[in-house]
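Undergrad: Sharing a structure with you now.
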Amino acid sequence: MSKEKHDRNDEVKLLLDMASATEDDVEAEKLAREILEIDPSNMEAKLILADVAISNGDMETNRKYLGQIITECETKYGDVHKDSPVSDIYVSALERMAFSLSFDDRHEEALSVAQKLLEIDTEEQTAAKDIIYRSLLMLDRYREVLEMICSERTHTPVALHAKAIALYSLDGISSNSYEALIDAIEADPDAPFYALGIWEEPEEPDESEIDSMLTALYIVEPWSKSDKLIDWLSHMTIVFGFLTERLSDEFLDYLESSEDGPQIQEKLNEAKATLNKLIKLKMANDEDLSDMDKVVFESFRM
193 MSKEKHDRND EVKLLLDMAS ATEDDVEAEK LAREILEIDP SNMEAKLILA
243 DVAISNGDME TNRKYLGQII TECETKYGDV HKDSPVSDIY VSALERMAFS
293 LSFDDRHEEA LSVAQKLLEI DTEEQTAAKD IIYRSLLMLD RYREVLEMIC
343 SERTHTPVAL HAKAIALYSL DGISSNSYEA LIDAIEADPD APFYALGIWE
393 EPEEPDESEI DSMLTALYIV EPWSKSDKLI DWLSHMTIVF GFLTERLSDE
443 FLDYLESSED GPQIQEKLNE AKATLNKLIK LKMANDEDLS DMDKVVFESF
493 RM
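Under the working numbering, the first residue of the sequence shown is numbered 193, with each subsequent residue one higher.
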């Protein structure tokens, strides 16, 4: 390697480190463009520009750079697999592309990209499956959702919400759809509160809160496809929220004046009665009551 090329590589590495470290999108974009002036095909710089674009709501520019990365990887290496030299950046670009397409209402394309991603992501480290479930729901392909659920040993909270939505959409409220809804809420109890806008996003969320907000992001549109569907989720979430003290008395005052207030209040009273019976039974048997979420979900299944 010539000294000139070595110096150029060092400069690119330094600029990449600076661009990755900054939290200022304007500065990151400036540094990434400097890198591309030195190395026009640098994929890391293009990924930075793609991220800056989507943070500014520019989906087209975001996908332009992601498409360039994906095309370059496939042109150089053909069928990219997890051991390919470019697998990390290829996977990053595919995941971002699937996300961008999904949240720009291009669900068929998002599904295709997410399925390609899943072929490489054998250890399931990406959001490929969650994007697939979301895409299938938005395309009303509910039976495919259930087929995919049945083929999996473990399920993310998004997958369990997809199951509940699919069962309700095909059969309405039934014992199966009710059980699926309870499973979905139990998998990430805080996510529905963010999805329904009951809770505001914290300014400095911890890791658990970030996970719940991501789950909410994937499920909110599928749940909102019909008034009956979103009401079904919201009624159960509100009842759960009061029983576990996630909701305040002020929210109850607001609820009483809402159109659905009397219906939710009736469900809440019934749920309280069932929960009190279960608590008395557990106290009589000297059972642990420290995990109230667990106790409430058990009462929902009685």
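Where a beta carbon is used, it is the ideal one built from N, C-alpha and C, also for glycine.
Keep in mind that this is a model prediction, so the values were computed, not measured.
(1) Can you name, in chain order, every residue of its own chain whose Cβ lies under 7 angstroms from the Cβ of Glu266, other than the five neighbours on each side?
(2) In chain order, what residues of the same chain lie with their CB nearer than 7 angstroms to the CB of Gln260, ignoring the 5 residues before and after it?
(3) Please give me, in chain order, every unbroken run of the alpha helix (DSSP H) with length at least 4 that falls completely inside the segment 207 to 275.
(4) Let me confirm a value: Ser343 is counted as buried when at least 16 other C-beta atoms fall within 10 Å, else exposed. Which label applies?
(5) Just the C-alpha distance for Glu392 and Lys268, rounded to the nearest angstrom, thanks.
(6) Measure the alpha-carbon distance for Met428 versus Asp322 and round it to whole angstroms.
(7) If you count every other CB in all the chains shown that lies within 10 Å of the CB of Thr407, and 16 or more means buried, which is it?
(8) Would Leu362 and Leu338 qualify as a contact pair, given that the criterion is a beta-carbon distance under 9 angstroms?
(9) Work out the CA separation of Pro384 and Met405 for me, nearest whole Å.
(10) Buried or exposed for Val305, going by 16 or more other Cβ atoms inside 10 Å?
(11) Suppose contacts are defined by Cβ-Cβ distances below 9 angstroms. Is Ile227 in contact with Leu208 by that definition?
(12) Could you tell me how far apart the beta carbons of Ser327 and Leu303 are, in whole angstroms, since I believe they sit closer than 8 angstroms?
(13) Taking C-beta to C-beta, are Ile374 and Ala358 nearer than 9 angstroms?
(14) Just to check my reading of the structure: Arg255 and Ser294 have Cβ atoms closer than 8 angstroms, yes? What is that Cβ distance to the nearest angstrom?
(15) Closest by CA to Glu315, which one among Lys274, Val244, Asn477 and Ala213?
(16) Please list the terminal residues of the continuous alpha helix (DSSP H) segment that includes His353.
(17) Would Ala213 and Asp243 qualify as a contact pair, given that the criterion is a beta-carbon distance under 9 angstroms?
(18) Would you identify the three-state DSSP class for Met494, choosing helix, strand or coil?
(19) Is it buried or exposed, Val488, if we count other Cβ atoms within 10 angstroms and call 16 or more buried?
(20) Leaving out five residues before and five after Glu236 in sequence, what residues of the same chain have Cβ atoms less than 6 angstroms from its Cβ?
(21) Rounded to whole angstroms, what's the CA-CA distance from Asp216 to Lys222? Just pull it up for me.
(22) Can you look up Thr429 in the DSSP assignment and give me helix, strand or coil?
(23) What three-state label does DSSP hand Met193 in the structure shown?
(24) If I measure Cβ to Cβ from Lys459 and keep anything under 7 angstroms in the same chain, skipping five residues before and after, which residues do I get?
TA: The relevant details are as follows:
(1) Counted from its first residue, the sequence shown places residue 266 at position 74. For Glu266, where only same-chain residues beyond five positions count, the Cβ hits under 7 angstroms are Val272.
(2) Here residue 260 refers to the residue found at position 68 of the sequence shown. Once the five neighbours on either side are set aside, the close Cβ partners of Gln260 are Lys238.
(3) Listed in chain order, the complete alpha helix (DSSP H) runs (minimum 4 residues) inside the segment 207 to 275 are 217 to 230, 235 to 247 and 251 to 269.
(4) By one-based count along the sequence shown, residue 343 stands at place 151. Classification of Ser343: exposed, given that the 10 Å Cβ count is below 16.
(5) One-based indexing of the sequence shown puts residue 392 at position 200. One-based indexing of the sequence shown puts residue 268 at position 76. The alpha-carbon atoms of Glu392 and Lys268 are separated by roughly 45 angstroms.
(6) Here the question's residue 428 lines up with position 236 in the sequence shown. Here the question's residue 322 lines up with position 130 in the sequence shown. Cα to Cα, Met428 sits roughly 23 angstroms from Asp322.
(7) Mapped onto the sequence shown, residue 407 falls at position 215. Classification for Thr407: buried.
(8) The residue you call residue 362 lines up with position 170 of the sequence shown. The residue you call residue 338 lines up with position 146 of the sequence shown. Contact flag set, yes.
(9) By 1-based counting over the sequence shown, the position of residue 405 is 213. By 1-based counting over the sequence shown, the position of residue 384 is 192. C-alpha separation (whole angstroms): 9 angstroms.
(10) Within the sequence shown, the letter at position 113 stands for residue 305. Result: buried.
(11) Indexing the sequence shown from 1 puts residue 227 at position 35. Indexing the sequence shown from 1 puts residue 208 at position 16. Yes. Within cutoff.
(12) For this step, residue 327 is matched to residue 135 along the sequence shown. For this step, residue 303 is matched to residue 111 along the sequence shown. At roughly 4 angstroms, the Cβ-Cβ gap stays under 8 angstroms, so Ser327 and Leu303 are in contact.
(13) What you label residue 374 is simply residue 182 of the sequence shown in a count that begins at 1. What you label residue 358 is simply residue 166 of the sequence shown in a count that begins at 1. Going by C-beta atoms, Ile374 is not nearer than 9 angstroms to Ala358.
(14) Here residue 255 refers to the residue found at position 63 of the sequence shown. Here residue 294 refers to the residue found at position 102 of the sequence shown. In this structure, Arg255 and Ser294 do not form a Cβ contact; the two beta carbons are roughly 12 angstroms apart against a cut-off of 8 angstroms.
(15) Locating residue 315 in the sequence shown gives position 123, counting from the first residue. Looking at the Cα atoms, Lys274 is the closest of the given residues.
(16) The residue you call residue 353 lines up with position 161 of the sequence shown. Its alpha helix (DSSP H) spans residues Pro349 to Asp363.
(17) Residue numbering aside, residue 213 sits at position 21 when the sequence shown is read from its first letter. Residue numbering aside, residue 243 sits at position 51 when the sequence shown is read from its first letter. Cβ atoms of Ala213 and Asp243: not closer than 9 angstroms.
(18) Working through the sequence shown from its first residue, we reach residue 494 at position 302. The answer is coil: DSSP assigns Met494 none of H, G, I, E or B.
(19) Locating residue 488 in the sequence shown gives position 296, where the first residue counts as 1. Val488 should be labelled buried.
(20) The residue given as residue 236 occupies position 44 in the sequence shown. Hits under 6 angstroms: Leu208.
(21) Residue numbering aside, residue 216 sits at position 24 when the sequence shown is read from its first letter. Residue numbering aside, residue 222 sits at position 30 when the sequence shown is read from its first letter. The C-alpha of Lys222 is placed about 10 angstroms away from the C-alpha of Asp216.
(22) Mapped onto the sequence shown, residue 429 falls at position 237. DSSP places Thr429 in helix when its eight states are reduced to three.
(23) Looking up residue 193 in the sequence shown gives position 1. With a pLDDT of 49 at Met193, under the threshold of 50, the modelled position of this residue cannot be trusted, and the question is left open.
(24) By one-based count along the sequence shown, residue 459 stands at place 267. Excluding five sequence positions before and after Lys459, the CB atoms of its chain that fall closer than 7 angstroms to its own CB belong to His427 and Val431, given in chain order.
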